[in-house]
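K.L.:
Got a structure for you, questions after.
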Amino acid sequence: MNEVTALFLRRIKAPLILMVTVYSIAILGMILIPGIDENGDSWHMSIFHAFYFVSYTATTIGFGEIPYPLTEAQRLWTVFIIYMTVISWFYALGTVISLYQDKAFQTERKKSRFKRDVRNVNRPYYVVCGYGETGKAVVDALLDEHFGAVVIEQIEDLSEISIHDKLVHVPYLTADASKPEVLEYAGVHQDKCRGVIAVTSSDETNLIIAISSKLLHPNVVVICRSDNKEHEDNMLSFGTDHIINPFESFAEVFRMSLHSPSMELIYDWLTGAPNTSLSTPLNIESGHWILSGYGRFGKQLHKELRIKNIRTVIIDPRKKIKTEFFKNNQTDDDFIIGTGTDAETLTKAGIDTAAGVIAGTDNDSNNLSIIMTARQLNKNVFVIGRENSYKNKLLYKKVNDHYQTDIHRNIEDISTVAHLTMQPSEIIAREIRSILIAPLLIDFIRLAAHEDQEWANITISRLSAVIGENRPYLWTVNITKENAPAIAQALGFGRSIQIKHITRDPVILSKQLDCVTLLLKRGDESFLLPDEETELKAFDQIMFCGLRKVKYAMSPTLTDISLLNYVMTSKNEAQSYIWKKITLLLRKEDKRSSPR
Amino acid sequence: MNREKVWFSFFMILALTLNFGFFYGEIDDPIHHNVYELFAVIVVNLIATIMKFGDKTQMGAMLLATSLVAVVQLFAASFVWIFAEHIQQTGLTATSMSTIVALSGGAMLANIISVILLMIEASRFER
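Chains as they are written, first to last, in our numbering: chain A, 1 to 596; chain B, 1001 to 1127.
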């Protein structure tokens, strides 16, 4: 039996028994007390009439004294009936109402509705644990790709309402996802569940979610957020498929932009970072860097600067860290005690000759004021800002009012003043998005990191020729029976198919579809920007970049063997049995007549 | 001693005994079957049914089911009675009386099953 109905019936038991008892006593009295009819004869109510009388009296409908006016004795009993039955009704109603207001009952009801909703999700889905900024972005990405999403969030707030605005129904439960049974409610053990994405703000919770998901369903893909190396190792030991550390991810982006700013731009653009355009490459001059805030984030970026052998001046108010720093670093790096928010410290750190400034403290208003001061002192300096919380937008506004500078009047957040912004939630959401949508992107970035600035610039011009200022879309074609049946079949016949055949526009054969072939993966080998004459083999994976509509324009060629033949030979093929015979005959005629 | 069990057994067995009292006699003779006894059977059976509400055990579900069967049968019997007495106003003919008694006989069978289940449960616990 359903938990909710069971709870309801258990609670309603006592009032119902009381009502049955009170009704039967009332009916019994009504039957036994004699009445007087219009002729003055004595009469008794039948059980049916008594039940009728008690029913309308108890529910306060009160049709009156029928069929004959009551005697005084009957009236006295009716008074008893009224008080007894009405009280029992109130008791029953009160029980039901208080039950519906009961916290435990409401939770139980939400839980059973959630379980039913999860059962009714009619497509492969992912369970998203944690519905903060990251969770929201991940859910949007999932729905965009026509996956289902199921959300578990521990904190009860208004986001539950916002989730009902989505076009697709997203089951939502306010519960602690670190409890295995909650994951079970979300159907992690079901076949439909493709993966679990743990992006709560606590590393420990994410770790527990990863462990219990893997135990419930070993085949499920687990993607975890982690800010801490220890937890990361622990997650890995439990077979977590993808671990995303926002600090490490950002360090990678930073390394890329130091090495080749254009490459960083491609990465940003392909992973769908907001406000990126291919036409505005980053420009980093040579010179030393100023790093304010030597915490988790600062250390990570300092390591990258050290690899590149770039001199760094560190600003941090903590003296203990300074001694520690000089113990571990025997370089020409400097360390200044201070916050970096004032012009004095920044000038001391050599802001006027610096190539870049990193505002990496864990305080958003400090970071913002570091950026503002730095840009006032040196207009050309490259600025990297760390944004700790999305919720501090109001604070930025205040800082903005306080400064009232001409250059930056309408600052919404750090990302509008910095060249590069580290927003943990944004970075995680982007990375999860590319894991889900374009798993080959990781290979692409890894290979592309070895290429130089010139290569990146050529790639940028190729990409912008195809896509322009639109949002790019990545998709992967697997040469398998399921994904590209026509290609797989043709390859099975031993025919040679090249990449240019599938990128050809099936409507106008002389045209190529507007897309760029980013990567071809064959077994363990990956080929960056493969040539269009490259021959395909079974089980190849190809990643394309273009507009979303191009993906749909391409798919008929992949699935329809006769269309594929048409695209390759530009000849229409007979479809029906009879027409095939006729064309065969005609061809024979041709052959016979042609030599003459 | 479990007070809930005592009360439930009491109502269950009372329902059976009352039911038997109503059922016993010539099937089509209204003199052998008292309408107040039918009333009492219905009330007692209703209480016994409600007492099993929300019991999630297998035995609880079975007992709820058998009691519900009895209640449905008895309601049907009382409807036939009301129909004969008040709507058709033919009074209790041999036909309607035998229908009522037959229906209450079915209810009694359900009540017997309930009591047997009750005994099975009791014997399991008393060991």
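Don't be surprised by glycine CBs; every beta carbon is placed ideally from N, CA and C.
(1) List the residues of chain B whose Cβ lies closer than 8 Å to the Cβ of A/Val20, in chain order.
(2) Which of the three DSSP states, helix, strand or coil, is assigned to A/His231?
(3) Buried or exposed: which applies to A/Gly293, given that a residue is buried once 16 or more other Cβ atoms fall within 10 Å of its Cβ?
(4) Is A/Leu16 close to chain B? Criterion is C-beta to C-beta, closer than 9 Å.
(5) Among the candidates A/Trp77, A/Arg548 and A/Gly135, whose CA atom is the shortest distance from the CA of A/Arg430?
(6) Check A/Ile223 in the structure and name its three-state DSSP category.
(7) For A/Ala349 and A/Leu474, I'd like the C-alpha separation in whole angstroms.
(8) List the residues of chain B whose Cβ lies closer than 8 Å to the Cβ of A/Lys13, in chain order.
(9) Given a threshold of 16 other Cβ atoms within 10 Å of its Cβ, counted over all protein chains shown, does B/Leu1074 qualify as buried or as exposed?
(10) Report the residues of the segment 1027-1039 of chain B with a CB closer than 7 Å to any CB of chain A, ordered along the chain.
(11) Where are the beta strand (DSSP E) runs, 3 residues long or more, that stay fully inside the segment 499-571 of chain A, in chain order?
(12) Less than 8 Å between C-beta atoms, sequence neighbours within five positions excluded: which residues of the same chain meet that for B/Leu1068?
(13) Around the Cβ of A/Trp289, are there at least 16 other Cβ atoms within 10 angstroms (buried) or fewer (exposed)?
(14) Which residues in the same chain have their Cβ closer than 8 Å to the Cβ of A/Tyr100, if we skip the five residues on either side of it in sequence?
(15) Could you pull the start and end residues of the alpha helix (DSSP H) that A/Phe335 belongs to?
(16) What in chain A is Cβ-close to B/Glu1004, meaning under 7 Å?
(17) Measure the alpha-carbon distance for A/Leu436 versus A/Glu525 and round it to whole angstroms.
(18) Using the DSSP secondary-structure output, state which residues sit across from A/Trp579 in a beta bridge.
(19) Counting only the same chain and skipping the five closest in sequence on each side, list residues whose C-beta sits under 8 Å from that of B/Ala1061.
(20) Can you check which of these residues, A/Phe254, A/Glu532, A/Asp227 and A/Asp531, is closest to A/Leu420 by C-alpha distance?
(21) Please state the DSSP three-state secondary structure of A/Glu469.
(22) I'd like to know if B/Ile1082 contacts chain A, where contact means its C-beta is closer than 9 Å to some C-beta of that chain.
(23) Taking DSSP's pairing of strands, which residues face A/Leu291 in a bridge?
(24) When Cβ atoms are compared, which residues of the segment 45-79 of chain A fall closer than 7 Å to chain B?
(25) Give me, in chain order, the residues of the same chain whose beta-carbon lies closer than 6 Å to that of A/Gln498; leave out the 5 immediate sequence neighbours on both sides.
(26) Thinking C-alpha only, which one of A/Val199, A/Leu215, A/Val168 and A/Gly195 is nearest A/Glu181?
(27) Per DSSP, which one or two residues make a beta bridge with A/Gly195?
(28) Label A/Glu264 either buried or exposed according to how many other C-beta atoms from any shown protein chain fall within 10 Å of its C-beta, with 16 as the threshold for buried.
(29) So with CB distances below 9 Å, who are the chain B contacts of A/Ala6?
(30) Where does A/Gly94 fall in DSSP's three states?
(31) Quick one, are the C-beta atoms of B/Leu1018 and B/Val1035 less than 9 Å apart?
(32) Look up A/Glu153 in the DSSP assignment and say whether it is helix, strand or coil.
(33) Would you call A/Leu509 buried or exposed, if buried means 16 or more other Cβ atoms sit within 10 Å of its Cβ?
(34) Compare the beta carbon distance of A/Asp514 and A/Val550 with 9 Å and say whether it is the shorter of the two.
(35) What are the start and end residues of the alpha helix (DSSP H) that includes B/Phe1083?
(36) In its own chain, which residues sit with a C-beta less than 6 Å from the C-beta of A/Asn117, not counting the 5 before and 5 after it?
P.N.:
With the structure as the only source:
(1) Mapped onto the first sequence, residue 20 of chain A falls at position 20. Correct list: Val1043, Leu1046, Ile1047 and Ile1050.
(2) For the purposes of this step, residue 231 of chain A is taken as the residue at position 231 of the first sequence. Residue state, collapsed to three classes: helix.
(3) Along the first sequence, one-based indexing puts residue 293 of chain A at 293. So A/Gly293 ends up on the buried side.
(4) Start at 1 with the first residue of the first sequence, and residue 16 of chain A comes out as number 16. At least one chain B Cβ lies under 9 Å of A/Leu16.
(5) Start at 1 with the first residue of the first sequence, and residue 430 of chain A comes out as number 430. For the residues A/Trp77, A/Arg548 and A/Gly135, the minimum Cα distance to A/Arg430 belongs to A/Gly135.
(6) Along the first sequence, read from residue 1 onward, the residue named residue 223 of chain A stands at position 223. A/Ile223 sits in a strand when the DSSP states are folded into three classes.
(7) Against the first sequence, residue 349 of chain A aligns to sequence position 349. Against the first sequence, residue 474 of chain A aligns to sequence position 474. Cα to Cα, A/Ala349 sits roughly 43 Å from A/Leu474.
(8) Here the question's residue 13 of chain A lines up with position 13 in the first sequence. Simply Ile1050, Met1051, Phe1053 and Gly1054.
(9) Along the second sequence, one-based indexing puts residue 1074 of chain B at 74. Per the 10 Å Cβ criterion, buried.
(10) If the cut-off is 7 Å between Cβ atoms, the segment 1027-1039 of chain B has Val1035 and Phe1039 near chain A.
(11) 515-522, 525-528 and 541-546
(12) Here residue 1068 of chain B is taken as the residue at index 68 of the second sequence, counted from 1. Closer than 8 Å at the Cβ level, and outside the excluded window around B/Leu1068, lie Thr1049.
(13) Sequence index remark: in the first sequence, residue 289 of chain A carries index 289 (1-based). Its Cβ being crowded by 16 or more others within 10 Å, A/Trp289 is buried.
(14) The residue labelled residue 100 of chain A in the question sits at position 100 within the first sequence. Hits under 8 Å: Gln106.
(15) Translated into the one-based positions of the first sequence, residue 335 of chain A becomes position 335. Counting along the chain, A/Phe335 falls outside any alpha helix (DSSP H), though it belongs to the beta strand (DSSP E) covering Asp334 to Ile337.
(16) Within the second sequence, numbered from 1, the residue matching residue 1004 of chain B stands at position 4. Correct list: empty, because the minimum Cβ distance to chain A is about 10 Å.
(17) In the first sequence, the residue the question calls residue 436 of chain A occupies position 436. In the first sequence, the residue the question calls residue 525 of chain A occupies position 525. Whole-angstrom Cα-Cα distance: 21 Å.
(18) As a first step, residue 579 of chain A must be located in the first sequence, where it is residue number 579. DSSP output for A/Trp579 lists no bridge partner at all.
(19) Position 61 of the second sequence, counting from 1, holds the residue named residue 1061 of chain B. Answer for B/Ala1061: Asp1055, listed in chain order.
(20) Translated into positions along the first sequence, residue 420 of chain A becomes position 420. Relative to A/Leu420, the option among A/Phe254, A/Glu532, A/Asp227 and A/Asp531 whose CA is nearest is A/Phe254.
(21) Residue mapping note: residue 469 of chain A aligns to position 469 of the first sequence, counting from 1. In this structure, A/Glu469 counts as coil in the three-state DSSP scheme.
(22) Counting from one through the second sequence, the residue named residue 1082 of chain B turns up at place 82. Cβ-Cβ to chain A under 9 Å: yes for B/Ile1082.
(23) In the first sequence, residue 291 of chain A corresponds to position 291, counting from 1. Note: A/Leu291 sits in a beta bridge opposite A/Ile314 and A/Ile358.
(24) From the segment 45-79 of chain A, only Ser46, Ile47 and Phe48 have a Cβ closer than 7 Å to chain B.
(25) By one-based count along the first sequence, residue 498 of chain A stands at place 498. The residues are Glu533 and Glu535.
(26) Within the first sequence, residue 181 of chain A is the residue found at index 181, counting from 1. Checking every option, the nearest Cα to that of A/Glu181 belongs to A/Leu215.
(27) Here residue 195 of chain A refers to the residue found at position 195 when the first sequence is read from its first residue. Partner(s): A/Tyr126 and A/Val221.
(28) In the first sequence, residue 264 of chain A corresponds to position 264, counting from 1. A/Glu264 comes out buried.
(29) On the first sequence, residue 6 of chain A is found 6 positions in, with the first residue counted as 1. Phe1053, Gly1054, Asp1055 and Lys1056, listed in chain order.
(30) Position 94 of the first sequence, counted from the first residue, corresponds to residue 94 of chain A. A/Gly94: helix per DSSP, three-state reduction.
(31) Within the second sequence, the letter at position 18 stands for residue 1018 of chain B. Within the second sequence, the letter at position 35 stands for residue 1035 of chain B. No, they are not a contact pair.
(32) The residue labelled residue 153 of chain A in the question sits at position 153 within the first sequence. Here A/Glu153 sits in strand by DSSP.
(33) Against the first sequence, residue 509 of chain A aligns to sequence position 509. With fewer than 16 other Cβ atoms within 10 Å, it is exposed.
(34) Your numbering for residue 514 of chain A matches position 514 in the first sequence. Your numbering for residue 550 of chain A matches position 550 in the first sequence. Closer than 9 Å, so yes.
(35) Here residue 1083 of chain B is taken as the residue at index 83 of the second sequence, counted from 1. Here B/Phe1083 belongs to no alpha helix (DSSP H), and DSSP marks it neither H nor E.
(36) Here the question's residue 117 of chain A lines up with position 117 in the first sequence. Note that residue 117 of chain A corresponds to Asp in the displayed sequence, not to Asn. If we look at A/Asp117 and ignore the five residues flanking it on each side, its Cβ neighbours are Pro171.
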